[in-house]
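In UniProt numbering, the protein residues as written are 1 to 302. From the three backbone atoms N, C-alpha and C, an ideal C-beta is built for every residue, glycine too. Let me begin by presenting the structure, written as structure tokens, before commenting on it.
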Amino acid sequence: MAVLQRSQEAVIAQATPISKPVGKISTLSATYTAYQYSKYGAPKTELTLRKDAPLIPLEPNQLRIKVHSAALNPADQKIMQDFGLAVTGRQPSAGKPFGMGFDVAGTVVETGANAHQFKVGDAVFAMAPYSNFGTFAEFVAIDEQFVALKPSNVTFEEAASIPYAALTSYQALHEHANLQAGERVLILGGSTSTGMAAIQLARAMGAHVIATARGCQDFLLVQSLGAEKAIDASKQSWVDAVNEHSVDVVYDCGVERKAWNRDAQTVLKKDSGRFVTINPMLQPRAAKFGAKCIGEIMVQRN
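Below you can see the structure in the form of structure tokens.
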């Protein structure tokens, strides 16, 4: 978990300039190894390791990346098992199987005809779009607009841990909740990947952070990440630890499915409070005091 903290700090601290493009290559094998599935369902039964996946020619703006590290997110399993059709608008098949995974860090081994921001050999990291994911593989092809250079002081493992979780929390706090400097945000699930990112992002935005965790180790973790107030949810309910109508934003990182209906409205400021979650919301109730339920969000390309 500390990996996400260090890697995010390093990305902020050191931005490597984009290198100049050079010639393109196409000397790869015709096939590669990848985890794929041909129908939606449980990963245990549907996900297979294919060693003869065909290497499809790049589109003009794509890069082919040799995968060094890929990160597993809850969304990977949820898309495969629960709501893949709603997210992608497509069905996998034996002829056109889906890959798995969004986050990746690796090395550019091939560039498309119109891809000019990177060169072969560049160390990069990326989040694949919903239209073309599949980073649990030997190679992945991604449009260069979704790719960034990996800072030299960040490992491939650290870089791969960043995109999905950090973008989710950035969009939740900045774009959906419109968190402002000086406001108070309550982060439910501060020790999750999205929660760790949210604590650091909220502090960088100038907000005051309250975060929940469960157990001593995670309690100390959220404190170390910058939470000004940490709540051990195994010992105390957060609604009892936070003053009524004192919080501007409540951000549920997928750990409190019923937070809005139960207690979030009690701690949110009347009329101006905002609630955002990455959990599917089941029959959200009308606001009691005027706080705004932004509801469930899912990360989009940025």
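- Inter-residue distance for C293 and T107 is about 42 Å (C-alpha atoms, whole angstroms).
- Scanning F156, A287, E144 and Q200 for the CA closest to the CA of L167 turns up Q200.
- For A264 against F275, the beta-carbon gap comes to about 5 Å, under 8 Å, which counts as contact.
- The secondary-structure analysis by DSSP pairs A213 across a beta bridge with D232.
- Counting the other Cβ atoms within 10 Å of the Cβ of P60 gives fewer than 16, which makes it exposed.
- When DSSP states are grouped into helix, strand and coil, D271 belongs to the coil group.
- Restricted to the stretch 78-115, the alpha helix (DSSP H) segments that are unbroken, complete and at least 4 residues in length are 84-88, listed in chain order.
- Check the Cα spacing between V239 and each of A115, S193, K258 and L58: the tightest is with K258.
- Look at T33 here: in three-state DSSP terms it is strand.
- H245 sits in coil when the DSSP states are folded into three classes, being neither helix nor strand.
- Approximately 7 Å separates the beta-carbon atoms of A123 and L149; this is inside 8 Å, confirming the contact.
- Looking only at E158, T194, A291 and A160, the smallest Cα-Cα distance to L173 is reached by T194.
- The closest CA to that of M298, considering only F118, G95 and Y164, is found on Y164.
- With 16 or more other CB atoms across the displayed protein chains lying within 10 angstroms of its CB, A160 is buried.
- It is roughly 17 Å from the alpha-carbon of L186 to the alpha-carbon of S234.
- Distance from the Cα of Q180 is smallest, within the candidate group M205, G189, E157 and Q171, for M205.
- Secondary-structure assignment with DSSP links I142 through a beta bridge to L63.
- G254 carries a coil assignment under DSSP once its states are collapsed to helix, strand and coil.
- Taking a contact to require three or more Cβ pairs closer than 8 Å, the stretch 30-46 and the stretch 89-108 qualify as touching.
- Annotation: M281 is outside any beta strand (DSSP E) and is labelled neither H nor E by DSSP.
- With 16 or more other Cβ atoms inside 10 Å of its own Cβ, F146 counts as buried.
- Between the alpha carbons of E157 and N261 lies a distance of about 38 Å.
- Under DSSP, T48 forms a beta bridge with Q36.
- In the three-state scheme derived from DSSP, where H, G and I count as helix and E and B as strand, V147 is classed as strand.
- Residues of the same chain with a CB within less than 6 Å of the CB of I210, apart from the 5 flanking positions on each side, are L186 and K229 in chain order.
- The beta carbon of F219 lies closer than 6 Å to those of A213, A230 and D232 in the same chain, with the five residues before and after it left out.
- No Cβ-Cβ contact shorter than 8 Å links S152 with A198.
- G195 sits in a helix when the DSSP states are folded into three classes.
- Counting every other CB atom within 10 Å of its CB across the protein chains shown gives N114 a total below 16, marking it as exposed.
- Looking from the CA of H116, the closest CA among T277, E144, G89 and A126 belongs to E144.
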